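Residue numbers (our numbering), protein chains in the order written: chain V, -6 to 341; chain F, -6 to 341. Note that CB positions come from ideal geometry on N, CA and C, so glycine has one too. In this text the structure is predicted, and so the values were computed from the model without any measurement. Right, one structure below, let's go through it.
Protein chains: 2
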Amino acid sequence: MNVDRDIRAVHVGLGPMGLRVVKHILAERQGLRYVGAVDVAPELEGKDLGEVARLGPCGVRVTGDAARVFEETRPDIAIYTTVSPLKQFLPQTEVAIRNGCNVISTCEELAFPRFIDAGLTAKYDELCRKHGVTMLGTGINPGFLMDLRASVLSAACTDVQRVLITRRMDATPRRQPFQKKIGAGMDVEAYRKATASGAITGHVGLEISMNLIADALGWTLDEVRVSGPDPVVAESPVSSEHFSVAAGQVKGTIQQAVGIVAGEEKIRLDFAAYLGAEPSYDEVALFGTPEIRARVTPCWHGDYGTVAMAVNLIPAVINACPGLLTINDIVPVSFKSGNMARFVSQGS
Amino acid sequence: MNVDRDIRAVHVGLGPMGLRVVKHILAERQGLRYVGAVDVAPELEGKDLGEVARLGPCGVRVTGDAARVFEETRPDIAIYTTVSPLKQFLPQTEVAIRNGCNVISTCEELAFPRFIDAGLTAKYDELCRKHGVTMLGTGINPGFLMDLRASVLSAACTDVQRVLITRRMDATPRRQPFQKKIGAGMDVEAYRKATASGAITGHVGLEISMNLIADALGWTLDEVRVSGPDPVVAESPVSSEHFSVAAGQVKGTIQQAVGIVAGEEKIRLDFAAYLGAEPSYDEVALFGTPEIRARVTPCWHGDYGTVAMAVNLIPAVINACPGLLTINDIVPVSFKSGNMARFVSQGS
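Structure (structure tokens):
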């Protein structure tokens, strides 16, 4: 691309995550310019995108008519921040694909779509190739903290037998809705009811992260055991700006996923978010040659990390070969177990 | 590539690093098979590669006749572990390139060849493209520990103002030649003479790592200030299996590189290897949004890490687009500063 011309972007979906991305791009990025914005909410129709993001006007009007936007602007990249379920998400992207526009999205299930629906993934992979566009699901978790980071570190190992990833998040400085979501201040019984009814769902990316790691290293998962969300019970009182938790009440959530290959535990993902988690960190432990621990402190803030990934990866998505890709296609660097020829693309 | 057929490899250069790679591949890898081995040493001519590596015979004979090996075997990948200076290295690879064979090498200067010689790099990039092959310089340092690891972590940042990377290596468990190389047990005056005469050179990859980080993040370095190798003087006696160091003597080496952009320090690389370094670690600190520290413990062992990178990246090199690439082309994931359109390839 000629450096004289900006990357031209259309944004689709102006919910809380979408507005975070829009704000960041408008306020802090150069060489990446919005030429269109799409949202189905009637109250946003015709409004200026910059004003919707509570910045000054940017000259781009929001509309519900996605087809017209893509046909008229022919953008380089569409940034989708709409829905999480893959089956709802993929049909939304057809209008971009058929207009030759690459797609990047924070849709969690798009991070490893084959795991969710192999048939649908193959169909959209073919559609992307046919129109010469690349589609990628990205974010910090899944997509970075509990998968990519471990895969990349494993590239400097001559052997990896087991992977253990821990996210230990201190929820104290987070927003009130996040603290509420992890059950802070609830009684244990109420928490159990809330998880049973689906009112508390916990972090949704663990199985996707598990599959991303296994795919990168070449392990075939025979079984994935998932537990939680379970309550983390306060042993002594703890409080935040938003909640006061008595001893015996819930201060947060813990979840686990274990990946089994040929009867052996190969991958363990351990996710916990609670008030007063000290120290807070994100740790990857690789057991192999060498055996190392890589600890990030403090634990990475999810919201900003997802905004960062969705924006920083735009050039990589535009440059990549066509298809519905995963982060393992973009970053093909990891320990390669077993038959190495499996990792060579057909046609190479 | 059909999984039924192995990746076919030729090894060039059977010095200590080469033999480590050969041993690892023969003993521990599947789906990657040597079909040829080249070394200029007359005493190796005709010997079995497996026996040279002190394993059982593997049916591949070592020869000095590289041209014949490449013409007869037409391999997928050539693994070069020969020399460090780029100007000596690149001409050695012509025989592989002209026979349509991809090249991966532990040649340190190949990790960011543009910095060493832009003209020669352009010439070989064109030669690679003409013959449809990919060439990559890889290793753990440069190529991973003090560059790639920081670049990849920065992808989850919405802003990066400054990068600080520290390698604090405990030399106690390392081989005698390594301990000798860092000056363990020398008097300070003798150490100074040894660095002045070039008998002690220190770690050679700092400026290459500096350039790799700047390239990934899009910073143009105005100046790089390099200091050392300087002696780390023992305050109290310290010893290893190989050396006893009295207080006041040298227990190891420290080196630093600082990268300046528009008058500001943006990158600092801090390398130290000495007896009794406790704790030993590899740390990346990113100052931006968010501000994080990522510490690997214990510090990564260089020799095994380089073997791992040279082998684990072979499928990525075979799959990649033709050209003389760097690890930033293989892993295009990092914080992208300034004009984002600069990171989009011509023709995308």
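Which residue from F/211, F/283, F/235 puts its Cα closest to that of residue 254 of chain F? F/211
Practice task
Output the residue ranges of the alpha helix (DSSP H) runs that lie fully inside the segment 63 to 96 of chain F and measure 4 residues or longer, sorted by chain position.
Solution key: If you keep only unbroken alpha helix (DSSP H) runs of at least 4 residues inside the segment 63 to 96 of chain F, you get 79 to 91.
Item to complete: Label residue 149 of chain V either buried or exposed according to how many other C-beta atoms from any shown protein chain fall within 10 Å of its C-beta, with 16 as the threshold for buried.
Response: buried
Within chain F, the residues that residue -1 of chain V reaches when beta carbons sit closer than 7 Å = 334
Checklist entry - Which residue's Cα is closest to the Cα of residue 37 of chain F: F/53, F/305, F/321, F/102? => result F/53
Problem - Contact set for residue 239 of chain V: own chain, Cβ-Cβ below 6 Å, skip 5 residues either direction - result: 230
Practice item. State yes or no: is the beta carbon of residue 164 of chain F nearer than 9 Å to at least one beta carbon in chain V? Key: no
Open item on the list: residue 2 of chain F and residue 71 of chain F - do their beta-carbons sit closer together than 9 Å?
Closed with: yes
- May I ask you to check if the CB of residue 135 of chain V is nearer than 8 Å to at least one heavy atom of the ligand ATP? This structure does not include the ligand ATP; it has no bound ligands of any sort.
Beta-bridge pairing of residue 39 of chain F - partner residues as DSSP gives them
DSSP, once it has assigned bridges, lists no residue as partnering residue 39 of chain F.
Requested in this report: Name, in chain order, the residues that DSSP records as bridge partners for residue 260 of chain F.
Outcome: F/156, F/252
* Mind listing which residues of the segment 281 to 309 of chain V have their C-beta closer than 8 Å to chain F's C-betas, in chain order? -> 282, 283, 285, 286, 287, 288, 289, 290, 291, 293, 294, 297, 298, 300, 301, 302, 304, 305, 306, 307, 308, 309
- Query: Using a beta-carbon distance below 9 Å, is residue 142 of chain F in contact with chain V?
  - Reply: yes
Looking only at its chain, what residues have a beta carbon closer than 6 Å to the beta carbon of residue 41 of chain V, apart from the 5 residues adjacent to it on each side? 50
For my contact list, residue 263 of chain V and residue 159 of chain V are in at a C-beta cut-off of 8 Å; report their separation, rounded to the angstrom.
-> 5 Å
**Asked** For the putative contact between residue 151 of chain V and residue 301 of chain F, defined by C-beta atoms under 8 Å, what is the C-beta separation to the nearest angstrom?
**Response** 5 Å
- Apart from the five residues on each side of it in sequence, which residues of its chain come closer than 8 Å, Cβ to Cβ, to residue 93 of chain V? 67, 124, 125, 126
Three Cβ pairs or more, each shorter than 8 Å: is that satisfied between the segment 272 to 283 of chain F and the segment 197 to 205 of chain F? no
### Task
Give, in chain order, every residue of the segment 13 to 29 of chain V whose Cβ lies closer than 8 Å to some Cβ of chain F.
Taken in chain order, the members of the segment 13 to 29 of chain V whose beta-carbon sits within less than 8 Å of a beta-carbon on chain F are 17, 21, 22, 23, 24, 25.
Check your understanding: Based on the DSSP output, what are the partners of residue 285 of chain V in its beta bridges?
Key -> For residue 285 of chain V, the pairing in a beta bridge is given by DSSP as V/279.
How far does the beta strand (DSSP E) with residue 1 of chain F in it extend, from its first residue to its last?
0 to 5
Neighbour flag for residue 325 of chain V against chain F, beta carbons, 9 Å: yes
Residue 330 of chain V, buried or exposed, once every other Cβ within 10 Å from all chains shown has been counted against 16:
buried
Beta carbon of residue 195 of chain F nearer than 9 Å to that of residue 178 of chain F:
At a Cβ-Cβ threshold of 9 Å, residue 195 of chain F and residue 178 of chain F do not count as neighbours.
Item checked: residue 280 of chain V and residue 197 of chain V closer than 9 Å at C-beta -> Going by C-beta atoms, residue 280 of chain V is not nearer than 9 Å to residue 197 of chain V.
### Query
Cβ of residue 43 of chain V within 9 Å of Cβ of residue 56 of chain V?
no
### Task
List the residues that DSSP assigns as beta-bridge partners of residue 331 of chain F.
According to DSSP, residue 331 of chain F bridges with nothing at all.
For residue 311 of chain F, tell me which candidate among V/335, V/95, V/111 has the shortest Cα-Cα distance. V/335
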